[in-house]
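One structure is given here, and the rest of the page talks about it.
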Amino acid sequence: GAGVSQSPRYKVAKRGQDVALRCDPISGHVSLFWYQQALGQGPEFLTYFQNEAQLDKSGLPSDRFFAERPEGSVSTLKIQRTQQEDSAVYLCASSLEGRDEQYFGPGTRLTVT
Amino acid sequence: AQKVTQAQTEISVVEKEDVTLDCVYETRDTTYYLFWYKQPPSGELVFLIRRNSFDEQNEISGRYSWNFQKSTSSFNFTITASQVVDSAVYFCALSVLTQGGSEKLVFGKGTKLTVNP
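Protein chains in written order, with my numbering: chain A, 5 to 117; chain B, 2 to 118.
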């Protein structure tokens, strides 16, 4: 079946604009994760969903970041009033359940100018 | 602290050489999982292996092999007879349980491997 897909693949936003990043996980995967990857660094955890429940949002860097997964499948990561430090690749991953291996999407590269 | 250290930032080898990527981890959990992912220039993270902390058997998959040693908290990755297509950034990661039953992956900073023809 299809892997994890993300859209858009690239996004350029002017500082202060709001952006919405979409993730379509693998069908049937219960767990969904968002990570942020700065240039030259490893991915860093942002938030985790089990079905529609957001069980952990401890990695969200500020209250400008908001994520949802209302029907337990597609997820959206929203960043309000973008800042230059938000420039990064945003990766979505899904896993069947529990501590199974996570499968990653291609990421959305966000550039804030 | 729960962390992963990949001390080698960049490695460059000539095709057909063997190469080992080091990974050292710290965790307070008694049960945990370790992972290796490959990130080619295209950017997508590709899952390579998951290892349970109770299973210390070494694993081999084709030209890839992994050496898990709990005593030294290491989970090293060896590529035998490297090929140009192996050029990528390789990440080691640790699965960390958090309160509420959630989990996350804690990644190292990655090792950039360049295989030259």
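A virtual CB, placed ideally from N, CA and C, is assigned to each residue, including glycine. These numbers were taken from a predicted model, which means no experiment stands behind them.
- Exclusion of the five residues before and after I50 (chain B) leaves F36, W37, E60 and W67 as the residues of its chain whose Cβ lies within less than 7 Å of its Cβ.
- With respect to the 8 Å criterion, Y94 (chain A) and Q21 (chain A) are not classified as neighbours on the basis of their beta carbons.
- In terms of beta-carbon proximity, F108 (chain B) lines the interface with chain A, with at least one pair separated by less than 8 Å.
- A residue is called buried when at least 16 other Cβ atoms come within 10 angstroms of its Cβ; P47 (chain A) meets this threshold and is buried.
- For Q88 (chain A), the closest of A:V16, A:E105 and A:S9 by C-alpha to C-alpha distance is A:V16.
- Here Q106 (chain A) is buried, its C-beta having at least 16 other C-beta atoms within 10 Å.
- With distances taken between CA atoms, F108 (chain B) lies nearest to B:V97 out of B:T21, B:V97 and B:P42.
- Taking one beta carbon from each stretch, the stretch 18-36 of chain A and the stretch 109-117 of chain A have 3 or more pairs nearer than 8 Å; the two touch.
- Taking a contact to require three or more Cβ pairs closer than 8 Å, the stretch 14-27 of chain B and the stretch 56-67 of chain A do not qualify as touching.
- With distances taken between CA atoms, T81 (chain B) lies nearest to B:V14 out of B:Q9, B:V14, B:R29 and B:Y33.
- If only uninterrupted beta strand (DSSP E) runs of at least 3 residues are considered, those enclosed by the stretch 11-84 of chain B are 11-15, 20-22, 25-27, 34-40, 47-53, 60-62, 65-70 and 75-80.
- Of the residues B:S54, B:R64 and B:F48, the one whose Cα lies closest to the Cα of F92 (chain B) is B:F48.
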